[in-house]
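If you count by the working numbering, then the sequence shown holds residues 1 to 105, one letter each, in order. Cβ atoms here follow ideal geometry from the backbone N, Cα and C, with glycine treated the same way. Each remark here refers to the structure printed beneath this line.
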Amino acid sequence: MPFTVADKGLNYNDYLFESRKKTERIYISTTQAYRVLKKAAIAVGIEDFGTHSLRKTWGYWTYKASRYNIGLIMDTFNHSSQSITLKYIGITQEEKDELYSLVQF
């Protein structure tokens, strides 16, 4: 069942993945984060997964949720052009054509 950060009593600055090896609250390494996420991806049948997959997925869904505001996503990713951002988040020509077909004259 989905939950929000607030449902779990967490603040937005809290770590989602804390180290289990320390008594104080510290984050896990990027290597360990990759291991955890890769194992979870395999468990649900996702084969081509990397830590950048999260960033790209966030970009894709934020692009859709922002009503296709590619400039916002481009700026967030610090890309030099919209075409780079569109390619990075996996927007195909077919999807661009669908977007264009939404406009009726």
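8 Å contact criterion, which residue i and residue j should meet: CB distance rounded
i   : j   : result
T85 : I73 : 5 Å
Close beta carbons around residue i, own chain, < 6 Å, minus the five adjacent residues each side
i   : result
I28 : F17, S19
Q82 : I70, M74
T30 : none
CB of residue i within 8 Å of CB of residue j, strictly
i   : j   : result
G90 : F77 : no
L99 : Y68 : yes
V5  : Y12 : yes
T51 : A40 : no
Backbone secondary structure at residue i - three-state DSSP
i   : result
Y63 : helix
E47 : coil
Y15 : coil
Start-to-end residues for the alpha helix (DSSP H) that takes in residue i
i   : result
G71 : 70-77
K87 : 82-88
Proximal residues to residue i (C-beta, below 7 Å), its chain only, five neighbours per side dropped
i   : result
K56 : Y88, I89, G90
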